[in-house]
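Read in order, the letters of the sequence shown are residues 506 to 763 in my numbering.
Beta carbons: idealized from backbone N, C-alpha and C, even for Gly.
Since the structure is predicted, the reported quantities are computational estimates derived from the model, not experimental observations.
Only one structure is covered here, and it is reproduced in the block below.
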Amino acid sequence: MSNLCQPSDYDATAALAPRIVRPRRSRERIVFTTSEESAAASRASTFDELADAPVAFIKRHRTGDVGRIEAPRSPFGLATIRKRYWYPTARDRWRGLLRTTWLAPSRVEREAESLEQLASAGLQPRLFLAFGERRALGVLHDSFLITRELDARPLDEVMRLERDAASRAATLRSLGTFVGRLHARGFVDRDLHLRNLLVGRDLAIAKVDSPFAAIVPRWRRAAGQRRDLADLVGGMAGSTTPDERDEFESAYRHALAE
Numbered sequence: 506m507s508n509l510c511q512p513s514d515y516d517a518t519a520a521l522a523p524r525i526v527r528p529r530r531s532r533e534r535i536v537f538t539t540s541e542e543s544a545a546a547s548r549a550s551t552f553d554e555l556a557d558a559p560v561a562f563i564k565r566h567r568t569g570d571v572g573r574i575e576a577p578r579s580p581f582g583l584a585t586i587r588k589r590y591w592y593p594t595a596r597d598r599w600r601g602l603l604r605t606t607w608l609a610p611s612r613v614e615r616e617a618e619s620l621e622q623l624a625s626a627g628l629q630p631r632l633f634l635a636f637g638e639r640r641a642l643g644v645l646h647d648s649f650l651i652t653r654e655l656d657a658r659p660l661d662e663v664m665r666l667e668r669d670a671a672s673r674a675a676t677l678r679s680l681g682t683f684v685g686r687l688h689a690r691g692f693v694d695r696d697l698h699l700r701n702l703l704v705g706r707d708l709a710i711a712k713v714d715s716p717f718a719a720i721v722p723r724w725r726r727a728a729g730q731r732r733d734l735a736d737l738v739g740g741m742a743g744s745t746t747p748d749e750r751d752e753f754e755s756a757y758r759h760a761l762a763e
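This is the structure:
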């Protein structure tokens, strides 16, 4: 994985999160990015300290959650977002053979790699800090991903609440430029939705929740990028006007041709 180094080897209610039991003969792996913040954390943090760090929950589910770790409580010394996915039952562990076994990388590893590729291509800031896995006999039982928190808002929320026409148009032009550059560099995302995009105060766009984003062979790009656009424009239909979508598409075509 590019720009990564591997050192040696819940704050949740019982109603939403079953007790996470460490399996016998389990093996743990933590992968950190090569940043100064990660260097300090890699020397001092164990799997449990990172996975069980106290968070303010953003989303919760029976087999996962997303939460914010305040800077003073973060092993990285800055505000971070922690995603956690666990697989408490045999059905959970075997339901996705290409997500939870030795046959393919885990969701957190795929997302870390995607975030690194997006950053290395100059499309957005470097967000990835660390991921961890706990496996028994190669089968995933528990995992987490930690990323930097951006001073940004989900794009679906912005388009739902923003009423100023000029601000909306500028945001959509910025989005079109981002997606055009993404596609011009050979990426296909496969999960390009407003809810997975953040927009900052300077209108910079960043992609989060990206387990599938990757540079694909040239012969596969056109179909994949058409699907990306169909997903994104289709998702805009309820919160944008035709003129606003024209702003997006014009900026997209311009960035794609650069």
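By the C-beta criterion, the segment 601-615 is judged not to be in contact with the segment 695-712, since fewer than 3 inter-stretch pairs fall below 8 Å. Secondary-structure assignment with DSSP links I710 through a beta bridge to V704. CA-to-CA, the gap between A756 and W724 works out to about 24 Å. Short of 6 Å from the beta carbon of G740, and not among the five residues preceding or following it, lie these beta carbons of its own chain, in chain order: H698, L699. Going by C-alpha positions, R668 is about 34 Å away from G691.
Exclusion of the five residues before and after A674 leaves E749, E752 as the residues of its chain whose Cβ lies within less than 7 Å of its Cβ. Annotation for W599: the continuous alpha helix (DSSP H) segment containing it runs 595-599. Of the other Cβ atoms in all chains shown, fewer than 16 fall within 10 Å of the Cβ of P747; this residue is therefore exposed. Under the three-state reduction of DSSP, Y592 is assigned to coil, being neither helix nor strand. Comparing C-alpha distances from E542 to each of T568, V560, A556, L583 shows the shortest one belongs to L583.
DSSP, read as helix, strand or coil, puts H698 in coil. Put simply, of H646, L666, P577 the residue whose alpha carbon is nearest the alpha carbon of R532 is H646. In this structure E662 is not in contact with S648, their Cβ atoms being roughly 27 Å apart against a cut-off of 8 Å. For R758, there is no enclosing beta strand (DSSP E); the enclosing alpha helix (DSSP H) has its first and last residue at 747-762. Distance from the Cα of A657 is smallest, within the candidate group N701, Q622, S715, for N701. Excluding five sequence positions before and after S540, the CB atoms of its chain that fall closer than 8 Å to its own CB belong to R631, L634, given in chain order.
CA-CA distance, R665 to R548, rounds to 43 Å.
Of the other Cβ atoms in all chains shown, fewer than 16 fall within 10 Å of the Cβ of W607; this residue is therefore exposed.
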